[in-house]
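The block underneath contains the structure these notes are about, expressed in structure tokens.
Number of protein chains: 4
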Amino acid sequence: MLRDLKEEVLEANLLLVKEGLVRLTWGNVSGIDRASGLFVIKPSGVAYEDLTVDSLVVLDLDGRVVEGPLRPSSDTPTHRVLYREFPEIGGVTHTHSVNATMFSQAGVELPCFGTTHADHFHGTVPVVRELTPEEVAEDYETNTGNAIAAAFRERGIDPIAMPACFQKYHAPFTWGKSALDSVKNSVALEVCAGMAMGMWRLRPETAPLPGHLLDKHYLRKHGPGAYYGQGKV
Amino acid sequence: MLRDLKEEVLEANLLLVKEGLVRLTWGNVSGIDRASGLFVIKPSGVAYEDLTVDSLVVLDLDGRVVEGPLRPSSDTPTHRVLYREFPEIGGVTHTHSVNATMFSQAGVELPCFGTTHADHFHGTVPVVRELTPEEVAEDYETNTGNAIAAAFRERGIDPIAMPACFQKYHAPFTWGKSALDSVKNSVALEVCAGMAMGMWRLRPETAPLPGHLLDKHYLRKHGPGAYYGQGKV
Amino acid sequence: MLRDLKEEVLEANLLLVKEGLVRLTWGNVSGIDRASGLFVIKPSGVAYEDLTVDSLVVLDLDGRVVEGPLRPSSDTPTHRVLYREFPEIGGVTHTHSVNATMFSQAGVELPCFGTTHADHFHGTVPVVRELTPEEVAEDYETNTGNAIAAAFRERGIDPIAMPACFQKYHAPFTWGKSALDSVKNSVALEVCAGMAMGMWRLRPETAPLPGHLLDKHYLRKHGPGAYYGQGKV
Amino acid sequence: MLRDLKEEVLEANLLLVKEGLVRLTWGNVSGIDRASGLFVIKPSGVAYEDLTVDSLVVLDLDGRVVEGPLRPSSDTPTHRVLYREFPEIGGVTHTHSVNATMFSQAGVELPCFGTTHADHFHGTVPVVRELTPEEVAEDYETNTGNAIAAAFRERGIDPIAMPACFQKYHAPFTWGKSALDSVKNSVALEVCAGMAMGMWRLRPETAPLPGHLLDKHYLRKHGPGAYYGQGKV
Numbered sequence: 001m002l003r004d005l006k007e008e009v010l011e012a013n014l015l016l017v018k019e020g021l022v023r024l025t026w027g028n029v030s031g032i033d034r035a036s037g038l039f040v041i042k043p044s045g046v047a048y049e050d051l052t053v054d055s056l057v058v059l060d061l062d063g064r065v066v067e068g069p070l071r072p073s074s075d076t077p078t079h080r081v082l083y084r085e086f087p088e089i090g091g092v093t094h095t096h097s098v099n100a101t102m103f104s105q106a107g108v109e110l111p112c113f114g115t116t117h118a119d120h121f122h123g124t125v126p127v128v129r130e131l132t133p134e135e136v137a138e139d140y141e142t143n144t145g146n147a148i149a150a151a152f153r154e155r156g157i158d159p160i161a162m163p164a165c166f167q168k169y170h171a172p173f174t175w176g177k178s179a180l181d182s183v184k185n186s187v188a189l190e191v192c193a194g195m196a197m198g199m200w201r202l203r204p205e206t207a208p209l210p211g212h213l214l215d216k217h218y219l220r221k222h223g224p225g226a227y228y229g230q231g232k233v
Numbered sequence: 234m235l236r237d238l239k240e241e242v243l244e245a246n247l248l249l250v251k252e253g254l255v256r257l258t259w260g261n262v263s264g265i266d267r268a269s270g271l272f273v274i275k276p277s278g279v280a281y282e283d284l285t286v287d288s289l290v291v292l293d294l295d296g297r298v299v300e301g302p303l304r305p306s307s308d309t310p311t312h313r314v315l316y317r318e319f320p321e322i323g324g325v326t327h328t329h330s331v332n333a334t335m336f337s338q339a340g341v342e343l344p345c346f347g348t349t350h351a352d353h354f355h356g357t358v359p360v361v362r363e364l365t366p367e368e369v370a371e372d373y374e375t376n377t378g379n380a381i382a383a384a385f386r387e388r389g390i391d392p393i394a395m396p397a398c399f400q401k402y403h404a405p406f407t408w409g410k411s412a413l414d415s416v417k418n419s420v421a422l423e424v425c426a427g428m429a430m431g432m433w434r435l436r437p438e439t440a441p442l443p444g445h446l447l448d449k450h451y452l453r454k455h456g457p458g459a460y461y462g463q464g465k466v
Numbered sequence: 467m468l469r470d471l472k473e474e475v476l477e478a479n480l481l482l483v484k485e486g487l488v489r490l491t492w493g494n495v496s497g498i499d500r501a502s503g504l505f506v507i508k509p510s511g512v513a514y515e516d517l518t519v520d521s522l523v524v525l526d527l528d529g530r531v532v533e534g535p536l537r538p539s540s541d542t543p544t545h546r547v548l549y550r551e552f553p554e555i556g557g558v559t560h561t562h563s564v565n566a567t568m569f570s571q572a573g574v575e576l577p578c579f580g581t582t583h584a585d586h587f588h589g590t591v592p593v594v595r596e597l598t599p600e601e602v603a604e605d606y607e608t609n610t611g612n613a614i615a616a617a618f619r620e621r622g623i624d625p626i627a628m629p630a631c632f633q634k635y636h637a638p639f640t641w642g643k644s645a646l647d648s649v650k651n652s653v654a655l656e657v658c659a660g661m662a663m664g665m666w667r668l669r670p671e672t673a674p675l676p677g678h679l680l681d682k683h684y685l686r687k688h689g690p691g692a693y694y695g696q697g698k699v
Numbered sequence: 700m701l702r703d704l705k706e707e708v709l710e711a712n713l714l715l716v717k718e719g720l721v722r723l724t725w726g727n728v729s730g731i732d733r734a735s736g737l738f739v740i741k742p743s744g745v746a747y748e749d750l751t752v753d754s755l756v757v758l759d760l761d762g763r764v765v766e767g768p769l770r771p772s773s774d775t776p777t778h779r780v781l782y783r784e785f786p787e788i789g790g791v792t793h794t795h796s797v798n799a800t801m802f803s804q805a806g807v808e809l810p811c812f813g814t815t816h817a818d819h820f821h822g823t824v825p826v827v828r829e830l831t832p833e834e835v836a837e838d839y840e841t842n843t844g845n846a847i848a849a850a851f852r853e854r855g856i857d858p859i860a861m862p863a864c865f866q867k868y869h870a871p872f873t874w875g876k877s878a879l880d881s882v883k884n885s886v887a888l889e890v891c892a893g894m895a896m897g898m899w900r901l902r903p904e905t906a907p908l909p910g911h912l913l914d915k916h917y918l919r920k921h922g923p924g925a926y927y928g929q930g931k932v
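Protein chains in written order, with my numbering: chain Z, 1 to 233; chain U, 234 to 466; chain F, 467 to 699; chain P, 700 to 932.
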């Protein structure tokens with residue numbers, strides 16, 4: 001079932017390790033098949049070196065396990081909510097990569113300071129609030145997804161142009177057109193967060209990227225006029 | 234003798250290298266078989282790439298070598314005291330990993346700033362004082378263990394919920410349910426120490442994680458209601 | 467066509483990855499054959515692990531693709547302008563390596579603080595201004611090259627003695643006698659940028675390298691009296 | 700000739716790369732055979748991956764090449780002076796490792812802040828002055844060695860207990876009982892320099908290690924009462 005998607009989700013999870021975004025088992029990637037409404041995700045607490053296509057878990061958008069012998073990632077309900085709320089996305093990544101996690105823990109937004117950022121994120125990466133005691137008690141992981149979706153809705157942020165957020169006290173979530181694309185956004189977020197920290201040390205009053213360069217770099221890679229790459233994703 | 238334990242202790246020592254926590258020969262992991270009261274530890278000054286199951290040293294809790302052709306790690310008496318004083322632990326790790334060693338050398342405690350920390354340590358990681366000239370002269374390594382045990386006892390800290398400390402001017406010690414678990418706690422300590430340093434630069438007045446999130450993340454992974462992973466350690 | 471040059475350009479692109487200067491597909495190296503006026507460059511958006519000699523693109527100095535089944539790097543017009551404007555150079559490298567990109571984004575020049583820098587760059591590495599909205603709209607990548615060439619011309623900087631610059635809000639460009647040499651200059655730029663950041667923290671009032679040491683180290687490796695290496699490049 | 704020494708010197712040079720202390724060709728290790736008065740060193744500008752036992756250069760203490768088809772490292776005269784001036788040492792390492800190079804460029808001494816440092820260096824790592832224009836013009840590399848030897852002599856520093864220094868504006872030199880031992884001291888210097896920088900950020904007023912701990916750790920590994928390791932070097 002969903003063999004191609006599983007292979008991409010496996011590759012995307014292993015890319016997390018290769019790119020140095022995860023230590024131990026702190027991270028997970030999923031990908032969705034919009035036609036069937038099923039998504040594939042990493043099992044919980046399994047070492048990356050032991051991951052295989054057959055160890056991945058398939059669920060429907062109500063959170064029911066459809067296939068797979070193992071428990072899905074404990075963060076699965078968050079992925080599920082993001083797929084429901086952001087109907088155009090095809091993959092979700094969650095890591096505790098250190099730079100992006102520092103921004104999350106500190107609750108600091110990441111302005112766009114350069115073209116590396118503009119290539120992936122069209123503007124300032126937002127912070128999403130932490131959950132209340134009641135939300136934690138009720139359903140921690142589902143309410144994490146709800147808090148993200150509500151923040152984007154309330155602030156009028158387009159999740160396609162801004163495929164990332166920092167959850168306060170926790171860590172980043174990113175998404176994208178596919179599982180692999182969501183991992184690439186995690187890499188970009190980690191690198192840009194680290195560069196912003198260095199820049200604030202180098203020149204504390206650094207200004208964000210001017211709008212015409214933000215638009216140029218974002219649109220060079222995304223949208224109908226894109227001319228980066230070989231014409232496929 | 235204790236073949237399975239030796240294999241785990243070997244794997245745990247090699248994981249130190251793989252996770253980037255040791256340079257040269259600066260680190261050691263041990264694991265204990267509570268039934269026999271024997272523990273297995275790395276030999277002293279042996280390069281990690283030369284380690285084999287048969288080069289590991291087996292000792293009893295009085296510090297007598299029971300098996301193995303080489304001298305045990307010079308830190309062995311510290312491990313021995315920790316096994317005696319903390320009867321529920323199954324493994325001990327000592328490294329000079331850089332971030333955690335900075336906290337140790339500077340004598341700075343590590344507050345819980347986020348869920349990565351809360352997944353492993355239930356609260357602030359404590360500093361244990363350096364030894365006096367008399368303690369050093371008498372028995373440096375045994376008294377190191379005594380100082381750690383005394384600090385936890387006097388401050389009423391549960392070593393199961395707080396499996397780590399920074400020894401002033403020296404470096405961290407961690408422990409856990411098993412040798413591998415103690416290494417995972419060393420990884421978490423190193424990462425969280427580094428993230429705290431970054432956060433203090435990013436937002437110096439950052440507040441610790443609220444109690445309801447600390448409890449949620451710690452208990453999601455530990456204790457009777459844990460639901461992270463596949464139901465085994 | 468140009469088999470030897472293609473092999474060097476492939477090796478130079480892979481060296482970027484090995485030296486940790488690129489993540490994902492953020493970087494490109496080219497090399498030129500001055501006899502034919504043709505240059506070889508990485509294709510756009512292709513993963514480094516999939517690069518082969520045959521996937522490289524050959525262009526002339528008017529920007530026409532002469533050989534290769536794929537689109538050239540989106541930064542190709544910038545390389546082209548540099549080859550036209552700096553007739554003595556043989557290779558060009560563009561990366562988003564983190565330290566050099568921080569200097570670029572912040573618009574901070576890099577003074578020569580030590581002999582590592584002097585071995586590669588004879589003085590302060592300059593910042594080149596960002597493009598105007600009109601320049602972006604007209605031809606972003608060509609005008610990037612024009613801005614670099616104009617900055618060197620107007621400030622009287624010799625591009626052979628200073629084979630690097632930081633483009634404001636964007637990232638570094640380096641060049642050299644060959645494709646491989648331009649990558650080595652990228653490595654040196656990244657290392658020296660990182661060391662300068664550390665030094666400003668360690669001793670904010672640090673003075674630049676005295677002139678007699680700058681000249682000694684630069685000339686030990688470059689020019690007619692060079693005695694570093696085995697007498698070939 | 701000197702086959703065993705050459706094999707150790709090759710291994711020691713490759714260890715520099717493995718430990719991340721060198722980029723490109725910025726570093727060199729030598730080892731001496733005191734019986735014959737001959738030393739073995741890396742050739743100049745040769746990539747580490749191309750190094751073989753037969754590419755190493757053998758010289759006498761007057762600087763004459765005795766064996767080897769290639770030019771010796773451009774820093775060879777510095778090694779030669781150190782062997783002459785410090786008759787108890789068996790190996791010398793020079794790198795541009797980033798943390799130690801920052802201390803060198805900034806001219807900042809490294810106090811002993813913890814036991815990792817005390818295991819290798821008995822006290823504060825000194826800075827050696829830069830050369831004058833006359834010294835550079837006369838013989839740069841020989842005078843570099845002379846400046847190091849003079850600094851140790853004038854300040855009464857024992858080069859055995861303090862096998863390292865930072866040369867102002869340049870980079871570190873370390874030495875040791877053997878070629879491999881000198882590389883281990885380079886690793887320790889790099890790690891301790893980095894930890895000191897972090898500690899100054901974490902607690903700017905951090906005090907050095909008390910004398911009884913400095914002596915304990917240094918003597919645990921060095922001298923007649925040493926009990927670290929397996930009783931051989």
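Note that beta-carbon positions come from the ideal geometry of N, C-alpha and C, so glycine has one too.
Residue i to residue j span [Cα, whole Å]
i, j, result
"Thr542/F", "Pro535/F", "15 Å"
"Trp899/P", "Gly855/P", "28 Å"
"Glu853/P", "Val827/P", "11 Å"
"Pro204/Z", "Val108/Z", "15 Å"
"Ala150/Z", "Val136/Z", "16 Å"
"Val9/Z", "Leu61/Z", "17 Å"
"Leu110/Z", "Val125/Z", "5 Å"
"Ser496/F", "Leu504/F", "11 Å"
Minimum C-alpha distance to residue i - residue among the options
i, options, result
"Val512/F", "His688/F, Gly493/F, Ala572/F", "Gly493/F"
"Asp283/U", "Glu244/U, Ala382/U, Ala394/U, Val314/U", "Glu244/U"
"Pro538/F", "Asp526/F, Ser510/F, His545/F", "Ser510/F"
"Tyr839/P", "Gly813/P, Lys920/P, His778/P", "His778/P"
"Thr328/U", "Leu289/U, Lys275/U, Thr348/U, Leu452/U", "Lys275/U"
Assigned exposure category for residue i - 16 Cβ within 10 Å defines buried
i, result
"Gln696/F", "exposed"
"Thr724/P", "buried"
"Leu871/P", "First, the amino acid is wrong: residue 871/P is Pro here, not Leu. Buried, because 16 or more other Cβ atoms sit within 10 Å of the Cβ of Pro871/P."
"Met1/Z", "exposed"
"Arg722/P", "buried"
"Tyr316/U", "buried"
"Gly557/F", "buried"
"Arg220/Z", "buried"
"Asp4/Z", "exposed"
"Gly719/P", "exposed"
"Tyr868/P", "buried"
Contact set between residue i and chain U, taken where Cβ atoms lie within less than 7 Å
i, result
"His911/P", "Pro366, Val369"
Contacts of residue i in chain U (Cβ-Cβ under 8 Å)
i, result
"Tyr140/Z", "Lys449, Arg453"
Contacts that residue i makes with chain A (C-beta to C-beta distance below 9 Å)
i, result
"Glu252/U", "The structure shown has no chain A; the protein chains it does contain are Z, U, F and P."
Residue i - partner residues in DSSP beta bridges
i, result
"Thr559/F", "Val495/F, Thr640/F"
"Cys398/U", "Phe406/U"
Where residue i meets chain F, residues with beta-carbon distance less than 8 Å
i, result
"Pro742/P", "Gln696"
Within chain P, the residues that residue i reaches when beta carbons sit closer than 9 Å
i, result
"Leu303/U", "Gln929"
Partners in chain Z for residue i, counting only beta-carbon separations shorter than 7 Å
i, result
"Val424/U", "Arg23, Val98"
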